[in-house]
Structure formats: structure tokens, C-alpha cells
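Asks:
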Amino acid sequence: MHRIAVLLVEPVVGFDATIAPTLFGAAADADGTPLYEVVTCGLSRAAVTTTNGFALLPAAGPEALATADTVVVPGTRYAPARSDGVLQPELAAALAAIRPGTRIVSICTGAFVLAAAGLLDGRPATTHWRFADDLRALHPEVRLDENVLFVDDGDVLTSAGLAAGIDLCLHIIRSDHGAAVANEVARYCVVPPWREGGQAQFIERHMPADPHASTAATRQWALDHLDEPLSIEQLAGHANMSERTFCRRFREETGQSPGGWVRSRRVERARELLETHDLPVDEVARRAGLGSGGNLRHHLRRGLGMSPSSYRKVFQGS
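In terms of full-length UniProt numbering, the sequence shown has 37 at position 37, counting the first letter as 1, and numbering is strictly consecutive.
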């Protein structure tokens, strides 16, 4: 079983500390068998104070990091990393014990710890937009992008603040075990099953003053008609808006353009069909609204680095 160690660095952000244990702990196969073993750990087994008025008792000490397949560092106000960009010897030694090839994940300001350990040097990464300038000043070698929800750089993944940590954990579960498992975890946690990593962190206006001016109903309608042509003209017409107004409000509410949002939803639908059905690739592409098998192959290779047949083998075991 894949073992995940969640390293609580004092003072840890309480919300962030609970994300990985909750989501990975809820991931199970069709028979209900857990897919991950999740353990919280600290630099000792002593209670770890949080920034939210309570303490957490880790299940293990730093030795858990040496046996983990994935290490998650939640957000923290750990002063040496946040103020000076360095780690105290005890924490540095704990991180040095992580095995080569271990997947390393940060949530929110946990990126300061990874950066101070040199794990983000030369890599793309993100953190909470409010603290991005601080991280950039301490570690200019990090290729920081504070305008995205999360960054997947293979063996090192970073997320923005708070709820973006949920998005990243769902992304990891989806990458490991497919959309069906990730969607079930999302349903259990009552959160959206999919927000693309490249989506904007800060969306200027989530809800218009006039509810009838929202694009939400049109987005739901589009999800029910992904296999049909969905032009900007059609979407704006469904929302009873001009194309210019629709595009502006759509981006204000989602952080994406209508075309980019539809394309992402279609790729996600294709992935679900590949995981759960034995349909020919051309039929998967048609049902997902991607037109042709060649177009589907293009999107999967660009986004995941694999062909539809390879993707199906990974998630169907065939």
C-alpha cells in the first residue's frame, strides 16, 4: 500500500494539516479497500501547535519520512523558513532522510519549507498568492507562479492556499487511481471533483450581484452537452448575454476562458470514459466532444504524456 507521511511543522496551519489525511484516507477501491496508508508525523511525537488555537498529536516521529512513498508538508508559519529561508538542523536532517524518488508535496506555505531545503531549486512551483513575494525574495531560483491553483512537476508538487490543497490531493488521487476514485472522494468530502491546476487562484468576482447574470446555469448545461458543438455564440445565447459580456463574466467566475474550460471538461470526460468503458478511442472522443481519436491522443499526450490505450491500461489493468 502506498504510504503517505504528513509532516507537521510547528506552528502548522490547522486546516492544511487535515487535508491529506482526510482525502487520501477516504480513497478506496471498488471493494472498499483503502488505497493509501496515511500517517501524521512531527519532529517528535509531542503535540504540534497549530495557527488555529488547537494542537495536533502526530502518530509518529520523523522516522516515518524514511519509509514514505509520498511526503506532504502542509502550510506552516515556521519562522526560520518563512523569515530567513533556512531550516534548523533538526528539520533539515528529517527531510534529508527522505528516500530518493519519494514524491514530495507542499500545501500553501509548506512551499517555504521545500524551498529552504533546496527541493524547489530551478523548478516551477506555487504557494498562496499573498505570500508569493516573500517566497520569491527568499528563493529567486524557484520558478514561482502564484496565479495557479497547483503545479505538478512530477515528483514535486505544490499547491496554493487552503482549498487548493484539496484540489491538489484530488489531482494526485486521480493520477494514481483514476477519475472514479477521485470523484468518489470528492463526493464524500462534498467538494468539486475537479478544478484544473492552471485555474487562477484569485477570482475577482465569484457571484454576480444579480444571480440571473451568472454563467453557472450555462456551465451546467455545457456539461450535459459536451458531445455537441459548443461555440462562444451558443454559450452566450444560452446565458442570454452578448458574447463579450459572457466571456468577461465567465472568466470572472471561473478564472478561465469559456473555450479553455470546455476543452478541459471534455478531456476529463474522455479520461472517465477510458477508465470505465471499453469503447473504441474514436467513440470516446466523439462522446467527449473532442471530435476524433487523433484529437484525443493529442490532448492526452500533451497533458499526461501517454496515449489513450496506455492510459486505459494503467487504470483498467488491461
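Glycine included, C-beta positions come from ideal geometry on N, C-alpha and C.
Just to confirm, is the Cβ distance from Pro-193 to Leu-162 under 8 Å?
Replies: Contact: no.
Asks: For Arg-248, count neighbouring Cβ atoms within 10 angstroms of its own Cβ and tell me buried if that reaches 16, exposed if not.
Replies: The residue in question, Arg-248, is exposed, as its Cβ has fewer than 16 Cβ neighbours within 10 Å.
Asks: Among the residues of its own chain, which have a CB less than 7 Å from the CB of His-206, if the five just before and after it don't count?
Replies: Caution applies to His-206, whose pLDDT of 49 falls short of 50 and renders its modelled position unreliable; the model cannot decide the point.
Asks: Taking one C-beta from the stretch 17-24 and one from the stretch 67-79 each time, how about it: are there three or more such pairs within less than 8 Å?
Replies: Yes, since at least three Cβ pairs between the stretch 17-24 and the stretch 67-79 fall closer than 8 Å, the two stretches touch.
Asks: If distances are taken between C-alpha atoms only, which option among Asp-155, His-2, Asp-133, Asp-84 comes closest to Asp-145?
Replies: Answer by Cα proximity: Asp-133.
Asks: Taking the straight line between their C-alpha atoms, what separation do you get for Ile-166 and Leu-23?
Replies: Between Ile-166 and Leu-23, the C-alpha separation is close to 8 Å.
Asks: Decide if Thr-127 is buried, meaning its Cβ has at least 16 other Cβ atoms within 10 Å, or exposed.
Replies: With 16 or more Cβ atoms within 10 Å of its Cβ, Thr-127 is classed as buried.
Asks: Let's test the definition: count the other Cβ atoms within 10 Å of the Cβ of Val-190 and tell me whether it reaches 16, buried, or not, exposed.
Replies: That one is exposed.
Asks: Closest to Arg-266 by CA distance: which of His-298, Glu-243, Thr-245, Asp-278 is it?
Replies: Residue His-298 is the option with its Cα nearest to Arg-266.
Asks: Under the assumption that Gly-197 contacts Phe-150 (Cβ atoms under 8 Å), give the Cβ distance between them as a whole number of angstroms.
Replies: Their Cβ separation, rounded to whole angstroms, is 4 Å, which keeps Gly-197 and Phe-150 in contact under 8 Å.
Asks: So Thr-40 and Pro-11 are in contact, right, with Cβ under 8 Å, and what is the actual spacing, rounded?
Replies: Not a contact, Cβ separation roughly 15 Å.
Asks: What number of angstroms, rounded off, separates the C-alpha of Arg-219 from the C-alpha of Pro-58?
Replies: Each residue's Cα considered, the two are about 42 Å apart.
Asks: Which residues in the same chain have their Cβ closer than 7 Å to the Cβ of Arg-244, if we skip the five residues on either side of it in sequence?
Replies: If we look at Arg-244 and ignore the five residues flanking it on each side, it has no Cβ neighbours.
Asks: Just to confirm the assignment, what range does the beta strand (DSSP E) spanning Ile-4 have?
Replies: It spans 2-7 - the beta strand (DSSP E) in which Ile-4 sits, taken as one unbroken run.
Asks: Using the beta-carbon count (16 or more within 10 Å), is Thr-109 buried or exposed?
Replies: Buried.
Asks: Along the chain, which unbroken stretches of the beta strand (DSSP E) at least 3 residues long are found entirely within the stretch 19-74?
Replies: For the stretch 19-74, whole beta strand (DSSP E) runs of length 3 or above, ordered along the chain, are 36-41, 70-73.
Asks: Rounded to the nearest angstrom, how far is the Cβ of Val-181 from that of Ile-172, given a contact under 8 Å?
Replies: Contact flag wrong, Cβ pair sits at about 11 Å.
Asks: Would Gly-25 pass as a contact of Val-38 if the rule is Cβ separation under 8 Å?
Replies: Yes, Cβ-Cβ distance for Gly-25 and Val-38 is below 8 Å.
Asks: Spatial neighbours of Ile-98 within its chain, please: CB distance less than 8 Å, with the 5 preceding and 5 following residues excluded, ordered by chain position.
Replies: Contacts found: Leu-65, Ala-66, Ala-68, Val-71, Ile-104.
Asks: Leu-235: which of Thr-215, Pro-308, Ala-55 sits nearest, CA to CA?
Replies: If we check each option's Cα against that of Leu-235, Thr-215 comes out closest.
Asks: CB-CB under 6 Å to Phe-250, same chain, minus the five flanking residues each way: which ones, in chain order?
Replies: Answer for Phe-250: Thr-215, Pro-258, listed in chain order.
Asks: Where does Ser-307 sit, in a helix, a strand or coil, going by DSSP?
Replies: Note: Ser-307 maps to coil in three-state DSSP.
Asks: What's the call for Gln-199, buried or exposed, on a 16-neighbour Cβ count within 10 Å?
Replies: Counting Cβ neighbours within 10 Å, Gln-199 comes out buried, since at least 16 surround it.
Asks: Tell me the residue span of the alpha helix (DSSP H) that contains Asp-282.
Replies: Run containing Asp-282: 281-288, per the alpha helix (DSSP H) assignment.
Asks: Suppose contacts are defined by Cβ-Cβ distances below 8 Å. Is Arg-123 in contact with Asp-153 by that definition?
Replies: Yes, these two residues count as a Cβ contact at 8 Å.
Asks: Rounded to whole angstroms, how far is the Cβ of Pro-308 from the Cβ of Leu-296, which I believe are closer than 8 Å?
Replies: Confirmed, about 6 Å.
Asks: Can you tell me which of the three DSSP states Leu-157 falls into?
Replies: The answer is strand: DSSP assigns Leu-157 an E or B state.
Asks: Tell me Phe-150's beta-bridge partners as DSSP assigns them.
Replies: For Phe-150, which the question treats as bridged, DSSP gives the partners Ser-159.
Asks: Quickly, what does DSSP pair Ser-292 with across the bridge? List them, please.
Replies: None, per the DSSP bridge assignment.
Asks: What are the residues that DSSP puts in a beta bridge with Arg-103?
Replies: BP columns for Arg-103 point to Thr-70.
Asks: In terms of alpha-carbon separation, which member of Ala-288, Glu-184, Arg-312 lies closest to Asp-31?
Replies: Cα-wise, what sits closest to Asp-31 is Glu-184.
Asks: If Ala-111 and Thr-158 are in contact, beta carbons under 8 Å, what's the gap, nearest whole angstrom?
Replies: Confirmed, about 5 Å.
Asks: Rounded C-beta distance between Arg-312 and Leu-274? I'm assuming under 8 Å.
Replies: 5 Å between Cβ atoms; contact.
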